[in-house]
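Chemist: Submitted below is the structure of interest, expressed as structure tokens.
In this note's numbering, the protein residues as written are 252 to 772.
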């Protein structure tokens, strides 16, 4: 399971500017330090390799210069030659004149025994300059095969560069031929070591230079990066300022959107869009509260006036007047009940509580039920329908779809004259959808009002008066219809023009299982 990265508590308490600076400087310092280590290590390897190459060349030169005599050399003669560096009666040994005085030289047998050194001491434990290496036969043979140098500390802790090469030495079986040639040569080993003091000093200077360079580079980076970070974070500080003002109620403020298309610009645009939606939502809420208050105030005022008339006996005992007042009160109560019911329905739709209970709905019978319910609301208008007999049923919630059609038909009756008509036309738009049109011959809708007809409590131009005064309305019918249709994964649209009537179009999902069965038969 992946774990989300979090800053340590100390860094988390710092402002984001300093967090960015510390993290970036830390990474930069690590990279520069790693680069410095690579540079100094590479330089050290190059210098050591060059020094080892020089020692090898000097060894080869010395080995090529041999003095051959008839007298076999003694141990003391070899030691004297290597320590005093003077020509003596030495047979088949390298001439080591020319080696640097700081070098330590030793001649070894293949088994690692010390034959001679330039210090005059053949005891390896007392030999100061010879590095403490395991001079065994296997170790020496492996070293020769590697053809490399080694680093080791001497008895005084001084680091030494050591090389090993094969040479020719004498043996007790050496004999002379009649031509005075010496035979019986035997291979030996030449061990050379030299202090790495000069190389160590060069590396120290390089490391000091790199350290100072890294420090200077970090200082320059800090001087350049901190202002850049401040500039980059300026939109965030502006966002904080604007957010604080918006939290205090100033929803009209917006962030200045930078021309760049980076993350900051995207955040500014997203923030402005969010604030715009919040402003629109709050405006709708204010309008909603005002509209609800207005819708409730009107019937309550009517109820209050009628009750006051009854209480002061303004009817003078006239039964007809009393009945008229009571009837008006009843209508106002019905109006408030309808408003409360529709408000509750919208709230449940918004919160997702009114989920459709999908079933098979025959469209013809549903339209017949709706027309039957609105019969008492007719003021001379004509109702008709055009539903093909082979049209498949719908997959919908019967009660919710009935409410949609009732709201749309009642709304059409409000603005259709007594000589007009309302027609429901159904057709198969696509294989999986049914197109349902509710057409009226009413007064139509102004173009400026058309985009807002589905808004809650939207009030159109007052000149668009209701032609049917007995049909009350809350301004929520079309809003509820839109919410229900979209909950059924359908679509709703409206088109209208002043004086040409209005058409509300629904696209609803058809019962494809019945369609497939009819095709098979």
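From the three backbone atoms N, C-alpha and C, an ideal C-beta is built for every residue, glycine too. Remember, it's a predicted structure, so these values are computed and weren't measured experimentally.
In terms of residue numbering, what span does the alpha helix (DSSP H) encompassing residue 691 cover?
Modeler: It is not in any alpha helix (DSSP H) - residue 691 instead sits in the beta strand (DSSP E) that spans 684 to 691.
Chemist: Is it buried or exposed, residue 380, if we count other Cβ atoms within 10 angstroms and call 16 or more buried?
Modeler: Because the pLDDT at residue 380 is just 48, under 50, the model does not fix this residue reliably, and the value given afterwards should be weighed accordingly. With 16 or more other Cβ atoms within 10 Å, it is buried.
Chemist: Measuring alpha carbon to alpha carbon, tell me which residue in 454, 597, 579, 472 is nearest residue 280.
Modeler: 472
Chemist: Let me check understanding here. Comparing Cα to Cα, which of 525, 761, 522 lies closest to residue 680?
Modeler: 761
Chemist: Identify, in the order they occur along the chain, each residue of the same chain with its Cβ nearer than 6 Å to the Cβ of residue 694, setting aside the five sequence neighbours on each side.
Modeler: 666
Chemist: So, at 6 Å on beta carbons, what are the nonlocal neighbours of residue 689 in its own chain, with the 5 sequence-adjacent residues on each side left out?
Modeler: 659, 675, 755
Chemist: Quick one: complete alpha helix (DSSP H) runs, 4+ long, within the stretch 382 to 408?
Modeler: 388 to 397
Chemist: Tell me the rounded alpha-carbon separation between residue 550 and residue 576.
Modeler: 13 Å
Chemist: From residue 588 to residue 546, what does the alpha carbon distance come to, in whole angstroms?
Modeler: 11 Å
Chemist: Run the CB neighbour count on residue 702, radius 10 Å, all protein chains shown included, and call it buried at 16 or more, exposed below.
Modeler: exposed
Chemist: Please list, in chain order, all residues of the same chain as residue 740 whose beta carbon is under 7 Å from its beta carbon, the five residues on each side excluded.
Modeler: Result list for residue 740: 760, in chain order.
Chemist: Specify the secondary structure class of residue 557 as computed by DSSP and reduced to three states.
Modeler: helix
Chemist: If you run the structure through DSSP and keep just helix, strand and coil, what is residue 509?
Modeler: Here residue 509 sits in coil by DSSP.
Chemist: Using the beta-carbon count (16 or more within 10 Å), is residue 643 buried or exposed?
Modeler: Buried: at least 16 other Cβ atoms inside 10 Å.
Chemist: Return helix, strand or coil for residue 759, following the three-state DSSP convention.
Modeler: strand
Chemist: Do the stretch 440 to 447 and the stretch 265 to 285 make contact, defined as three or more Cβ pairs closer than 8 Å?
Modeler: no
Chemist: Is the beta carbon of residue 649 less than 8 Å from the beta carbon of residue 610?
Modeler: Pairing residue 649 with residue 610 gives a Cβ-Cβ distance under 8 Å.
Chemist: With residue 585 and residue 554 assumed to form a contact (beta carbons below 8 Å), what rounded beta-carbon distance in angstroms separates them?
Modeler: Incorrect: roughly 11 Å between the Cβ atoms, too far for contact.
Chemist: How many Å lie between residue 506 and residue 527 at the Cα?
Modeler: 11 Å
Chemist: Taking C-alpha atoms, which residue in 521, 591, 525 lies nearest to residue 542?
Modeler: 591
Chemist: Roughly how many whole angstroms lie between the Cα atoms of residue 530 and residue 706?
Modeler: 16 Å
Chemist: How many Å lie between residue 300 and residue 480 at the Cα?
Modeler: 46 Å
Chemist: Excluding five sequence neighbours on each side, which residues of the same chain lie with their C-beta closer than 6 Å to the C-beta of residue 657?
Modeler: 621
Chemist: Pick from 533, 494, 708: whose alpha carbon is nearest that of residue 523?
Modeler: 494
Chemist: Following the continuous beta strand (DSSP E) through residue 626, name the residue where it begins and the one where it ends.
Modeler: Note, residue 626: premise wrong, no beta strand (DSSP E); not H, not E.
Chemist: Unbroken alpha helix (DSSP H) runs of length 4 or more, entirely within the stretch 578 to 662: which are they?
Modeler: Counting only runs of 4 or more, we get 614 to 624.
Chemist: Between the Cα of residue 640 and the Cα atoms of 623, 614, 661, which residue gives the shortest distance?
Modeler: 614
Chemist: Terminal residues of the continuous alpha helix (DSSP H) containing residue 455?
Modeler: 448 to 483
Chemist: Go through its chain and collect everything with a Cβ distance to residue 691's Cβ below 6 Å, but skip five positions before and after it.
Modeler: 663, 667, 673, 752, 753
Chemist: Using the DSSP secondary-structure output, state which residues sit across from residue 413 in a beta bridge.
Modeler: 401, 444
Chemist: Going by DSSP, what residue range makes up the alpha helix (DSSP H) through residue 699?
Modeler: No alpha helix (DSSP H) holds residue 699; DSSP gives it neither H nor E.
Chemist: Does the structure place the stretch 461 to 477 close enough to the stretch 496 to 504 that three or more beta carbon pairs sit under 8 Å?
Modeler: They do not touch, by the three-pair rule.
Chemist: Between 602, 745, 678, which has its C-alpha nearest residue 698's C-alpha?
Modeler: 745
Chemist: Quick check on the DSSP output: the beta strand (DSSP E) that includes residue 504 runs from which residue to which?
Modeler: Element bounds for residue 504: n/a, residue is neither H nor E.
Chemist: Give me the DSSP bridge partner(s) of residue 365.
Modeler: 359
Chemist: Hey, residue 414 and residue 298 are a contact pair by Cβ (cut 8 Å); roughly how many whole angstroms apart?
Modeler: With 8 Å as the limit, residue 414 and residue 298 do not qualify as a contact, their Cβ atoms being about 15 Å apart.
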